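**Q**
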Amino acid sequence: MTKPFYISTPIYYVNGAPHLGHAYTSTAADVLARFKRLDGYDVFFLTGTDEHGQKVESAARAAGVPPQIFTDRVAADFADMAKRMKISNDDFIRTTEARHKRSCQAIWQKLVAAGAIYLGAYEGWYAVRDEAFYDEEETALKPDGTRIAIASGAAVEWVVEPSYFFKLSAFQDKLLDYYEANPGVIAPAAKRNEILSFVKGGLNDLSVSRTSFSWGIPVPGDEAHVMYVWLDALVNYITACGYPDEGNERFKYWPADVHLVGKEIIRFHAVYWPAFLMAAGLPLPKKVFSHGWWTVEGEKMSKSLGNFIDVRPLVDEFGLDAVRFFLLREVPFGGDGDFSRKSLIMRLNVELANDLGNLGQRTLSFIAKNAGGVVPPRGPLTEPDHALLATADALPGKVRDALDRLAFHEAMEDIWKLVRAANAYIDHQAPWALKKTDPDRMNTVLRVLLEAIRTVAILLQPFMPDSMAALLDQLGQPMTDRQIAALETKMTDGAALPAPSGIFPRYVEKVLE
Ligand code: ME8
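Position one of the sequence shown corresponds to residue 0 (numbering that gives the first Met the number 0), numbered consecutively onward.
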């Protein structure tokens with residue numbers, strides 16, 4: 000039986016259009032999902048949209064359309080972005096779906112039955128932009144007299160309303176035990192420390208319903224209340240597994256192996272979510288990984304600057320795989336990064352066109368011209384052959400290990416070490432010089448190169464699915480044999496190779512800056 004592997008992205012708010020930040024998380028999750036599938040896992044990959052709450056309701060009002068029509072429209076745009084980025088999600092959940100309402104109401108009842116929910120009144124600060132409550136110490140007064148949340152800069156307002164509360168305060172020790180027993184559960188380490196000190200500092204009960212607006216899931220038995228949008232949103236991860244029907248086929252995927260999130264929502268995922276699950280008696284996620292934030296040309300993306308980048312025009316201009324490659328290559332995963340056209344073009348030209356594109360192109364066209372267009376047989380191996388093949392053989396393990404730690408940049412760097420080593424190997428072995436003097440040796444050199452290129456192509460499929468499919472076609476690798484395990488079998492002597500063509504053209508900036 001294949002092992003299940005469940006990875007999720009956050010479900011994105013539909014108050015605005017999808018942008019680079021959303022595409023980033025989804026692409027990273029997609030790379031891991033694709034890698035795990037290639038590595039023999041039974042993967043469930045979930046993404047979707049977060050459609051309730053005050054923020055979405057007011058965006059719909061500003062657009063002058065009823066919230067359901069508004070969310071239908073924006074959710075379709077998110078689904079389109081996912082499709083254009085070739086995100087291979089197995090489901091796309093929308094929190095306005097009937098299955099989700101049922102699931103949220105069921106878990107609510109579970110929490111009530113467990114004695115974890117009580118009726119009270121909330122009085123305190125609330126930031127609509129973050130859909131979050133803040134203690135006074137977490138806010139600051141600006142010189143103009145308005146108050147903001149220190150962490151995010153979002154405006155807060157004083158809210159007084161009846162509210163149901165979740166007894167978060169009762170979960171402090173249980174949460175600390177959970178973190179202690181599962182050292183890798185919150186990553187990277189800096190985030191783990193941040194969450195640990197937050198929880199050690201003591202937890203207040205959490206307001207989990209609102210009465211001042213109605214765009215949400217009604218609280219069962221008290222329909223004047225809608226559920227707090229974060230409770231509603233987090234539950235999506237089990238709704239998609241069929242909750243409350245725990246006998247559902249999908250339930251085998253729960254608990255999630257990785258919830259991938261941006262750094263600003265780690266607290267919701269690493270504190271509130273496990274506490275809700277503990278109260279409901281459900282298994283807890285195995286890992287919550289938070290990545291960093293992108294700025295654009297040095298600026299934070301914001302409504303006021305109007306500098307949100309939509310990835311789709313970039314895909315049209317540079318090609319899908321170049322964009323996917325850039326997103327995961329440019330910054331160490333977990334850290335912050337900056338998007339600029341200049342660095343995108345640079346990486347595309349240097350690493351894709353020069354390093355990888357050339358390696359494939361010069362090897363394959365040389366074989367087409369000088370080795371009969373077939374996989375050349377290999378003779379006795381020399382020291383440099385062994386060295387290159389040993390680097391290739393060790394690579395699947397290295398990439399697997401890096402991706403298990405969500406170190407996408409490290410996986411890429413390991414792959415590029417082989418690409419660079421293979422380019423240096425061609426230069427030193429100079430197959431063109433062997434053509435007349437020692438054709439058998441030439442064949443061996445070409446064969447060693449082909450094996451190295453095939454290793455690179457198979458391992459890069461999750462990052463660049465289209466171009467690696469094209470490269471594997473050119474290597475004559477059967478469609479049914481492109482799993483990581485296919486690398487355990489050598490290529491077939493004499494197998495015909497189709498006519499090669501370039502995969503990564505150099506990008507020439509059309510307009511000079
Ligand atoms: O927070 N850089 O939705 P959201 C990198 N609905 N990633 C970014 C980014 C940036 N500049 N901007 C956004 C929500 N992201 C909730 C989540 S989950 C149960 C509910 C990515 O639309 C990043 O993954 O504000 C971040 O966590 C997410 O989009 C926030 O999306």
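Heads up, the beta-carbon is just placed ideally off N, CA and C, and yes, glycines get one too. These numbers were taken from a predicted model, which means no experiment stands behind them.
Tell me which residues share the same chain as L313 and place their Cβ nearer than 7 angstroms to its Cβ, disregarding the 5 neighbours each side in the sequence.
**A** The residue labelled residue 313 in the question sits at position 314 within the sequence shown. Cβ neighbours of L313 beyond the five flanking positions: V322.
**Q** Could you tell me whether the Cβ atoms of L445 and I366 are closer together than 7 angstroms?
**A** Along the sequence shown, read from residue 1 onward, the residue named residue 445 stands at position 446. Along the sequence shown, read from residue 1 onward, the residue named residue 366 stands at position 367. It is a contact, given that the beta carbons lie within the stated cut-off.
**Q** P65 and E56 - do their beta-carbons sit closer together than 7 angstroms?
**A** Sequence index remark: in the sequence shown, residue 56 carries index 57 (1-based). Sequence index remark: in the sequence shown, residue 65 carries index 66 (1-based). Result no, Cβ atoms of E56 and P65 do not sit closer than 7 angstroms.
**Q** Checking the sheet assignment: what are the DSSP bridge partners for D337?
**A** Indexing the sequence shown from 1 puts residue 337 at position 338. Answer is T294.
**Q** Can we count V444 as close to the ligand ME8, meaning its CB is less than 6 angstroms from some heavy atom?
**A** Here the question's residue 444 lines up with position 445 in the sequence shown. Because no heavy atom of the ligand ME8 lies under 6 angstroms away, the Cβ of V444 does not count as near it: no.
**Q** Which residue's Cα is closest to the Cα of V374: A188, D38, D439?
**A** Locating residue 374 in the sequence shown gives position 375, counting from the first residue. That would be D439, whose Cα lies nearest to the Cα of V374.
**Q** Since W272 is in the alpha helix (DSSP H), which residue starts that stretch and which ends it?
**A** Stepping through the sequence shown from its first residue, residue 272 is reached at position 273. Start and end: 272-279.
**Q** Quick one: residues in its chain with C-beta nearer than 7 angstroms to the C-beta of R72, no 5 flanking neighbours on either side, listed in chain order?
**A** On the sequence shown, position 73 is the one that residue 72 refers to. Result list for R72: empty, nothing under 7 angstroms.
**Q** Please indicate yes or no: does the CB of I264 lie closer than 6 angstroms to some heavy atom of the ligand ME8?
**A** On the sequence shown, position 265 is the one that residue 264 refers to. True, at least one ligand heavy atom lies under 6 angstroms from that Cβ.
**Q** Does the Cβ of K82 have 16 or more other Cβ atoms within 10 Å, making it buried, or fewer, making it exposed?
**A** Translated into positions along the sequence shown, residue 82 becomes position 83. It is exposed - the Cβ of K82 has fewer than 16 other Cβ atoms within 10 Å.
**Q** What did DSSP end up calling K109 once you bin it into helix, strand or coil?
**A** As a working mapping, residue 109 is identified with position 110 in the sequence shown. Helix, per DSSP.
**Q** Taking 6 angstroms as the cut-off, is the CB of L31 close to at least one heavy atom of the ligand ME8?
**A** Against the sequence shown, residue 31 aligns to sequence position 32. No, the ligand ME8 has no heavy atom inside 6 angstroms of this Cβ.
**Q** Given a threshold of 16 other Cβ atoms within 10 Å of its Cβ, counted over all protein chains shown, does G114 qualify as buried or as exposed?
**A** Looking up residue 114 in the sequence shown gives position 115. By the 10 Å Cβ count, G114 comes out exposed.
**Q** Where does the unbroken beta strand (DSSP E) through G123 begin, and where does it stop?
**A** Reading the sequence shown from its first residue, position 124 is the one you call residue 123. Element bounds for G123: 116-126.
**Q** For S57, does the three-state DSSP call read helix, strand or coil?
**A** Mapped onto the sequence shown, residue 57 falls at position 58. Three-state result, S57: helix.
**Q** How would you call K341, buried or exposed, if buried means at least 16 neighbouring beta carbons within 10 angstroms?
**A** Along the sequence shown, one-based indexing puts residue 341 at 342. With fewer than 16 other Cβ atoms within 10 Å, it is exposed.
**Q** Is the CB-CB distance between A516 and F197 below 7 angstroms?
**A** Because the chain is modelled from 0 through 512, residue 516 falls outside the range shown and cannot be assessed.
**Q** At what residues does the alpha helix (DSSP H) containing D172 begin and finish?
**A** As a working note, residue 172 is residue 173 in the sequence shown. Note, D172: alpha helix (DSSP H), 171-180.
**Q** Write down the C-beta distance between V257 and A269 rounded to the nearest angstrom, noting that I regard them as a contact closer than 8 angstroms.
**A** For the purposes of this step, residue 257 is taken as the residue at position 258 of the sequence shown. For the purposes of this step, residue 269 is taken as the residue at position 270 of the sequence shown. Going by Cβ atoms, the distance from V257 to A269 rounds to 13 angstroms, so no, they are not a contact pair.
**Q** For the stretch 464-505, list the alpha helix (DSSP H) runs that are entirely contained and at least 4 residues long, ordered along the chain.
**A** The qualifying runs are 464-473.
**Q** So the beta strand (DSSP E) T8 belongs to, where does it begin and stop?
**A** Counted from its first residue, the sequence shown places residue 8 at position 9. It spans 3-12 - the beta strand (DSSP E) in which T8 sits, taken as one unbroken run.
**Q** Using a threshold of 7 angstroms, state whether the C-beta atoms of G215 and H21 are closer than that.
**A** In the sequence shown, counting from the first residue as 1, residue 215 sits at position 216. In the sequence shown, counting from the first residue as 1, residue 21 sits at position 22. No, these two residues do not count as a Cβ contact at 7 angstroms.
**Q** Tell me the rounded alpha-carbon separation between W229 and D172.
**A** The residue given as residue 229 occupies position 230 in the sequence shown. The residue given as residue 172 occupies position 173 in the sequence shown. In a straight line, the C-alpha of W229 is about 22 angstroms away from that of D172.
**Q** Taking the alpha carbon of R481 as the reference point, which residue from A393, W124, Q460, T491 has its own alpha carbon closest?
**A** Here the question's residue 481 lines up with position 482 in the sequence shown. Comparing Cα-Cα distances from R481 to each of A393, W124, Q460, T491, the minimum goes to Q460.
**Q** Look up E160 in the DSSP assignment and give the residues it is bridged to.
**A** Walking along the sequence shown from the start, residue 160 turns up at place 161. E160 is bridged to Y121.
**Q** Which whole runs of the alpha helix (DSSP H) in the stretch 384-468 are 4 residues long or more, in chain order?
**A** As far as the stretch 384-468 is concerned, its whole alpha helix (DSSP H) runs of at least 4 residues are 407-428, 430-436, 438-459.
**Q** With DSSP as the reference, identify every bridge partner of H258, one or two as the case may be.
**A** In the sequence shown, the residue the question calls residue 258 occupies position 259. S7, V287, per the DSSP bridge assignment.
**Q** According to the Cβ coordinates, are V13 and T95 closer than 7 angstroms?
**A** To locate residue 13, count along the sequence shown from 1; it is residue 14. To locate residue 95, count along the sequence shown from 1; it is residue 96. Against a cut-off of 7 angstroms, the Cβ pair of T95 and V13 comes out as no contact.
**Q** In the DSSP assignment, find the alpha helix (DSSP H) that holds L31 and state where it starts and stops.
**A** The residue you call residue 31 lines up with position 32 of the sequence shown. Note, L31: alpha helix (DSSP H), 19-37.
**Q** Would you mind reading off the limits of the alpha helix (DSSP H) that contains D320?
**A** Stepping through the sequence shown from its first residue, residue 320 is reached at position 321. Note, D320: alpha helix (DSSP H), 319-329.
**Q** Where does the unbroken alpha helix (DSSP H) through I216 begin, and where does it stop?
**A** Looking up residue 216 in the sequence shown gives position 217. Run containing I216: none; DSSP gives neither H nor E here.
**Q** Is the beta carbon of R249 sitting closer than 7 angstroms to the one on G261?
**A** By 1-based counting over the sequence shown, the position of residue 249 is 250. By 1-based counting over the sequence shown, the position of residue 261 is 262. Against a cut-off of 7 angstroms, the Cβ pair of G261 and R249 comes out as no contact.
**Q** Taking the C-alpha atoms as reference points, what is the distance between G318 and Q476?
**A** Locating residue 318 in the sequence shown gives position 319, counting from the first residue. Locating residue 476 in the sequence shown gives position 477, counting from the first residue. G318 and Q476: Cα-Cα distance of roughly 23 angstroms.
**Q** Shortest alpha-carbon distance to L417 belongs to which of I425, T390, T24?
**A** Within the sequence shown, the letter at position 418 stands for residue 417. Here the closest residue by C-alpha is T390.
**Q** Report whether the distance from the Cβ of A232 to the nearest heavy atom of the ligand ME8 is below 6 angstroms.
**A** As a working mapping, residue 232 is identified with position 233 in the sequence shown. Checking the Cβ of A232 against the ligand ME8 gives yes.
**Q** Is the closest heavy atom of the ligand NAD to the C-beta of G396 under 6 angstroms?
**A** Absence of the ligand NAD from the depicted structure is noted, with the ligand ME8 being the only ligands included.
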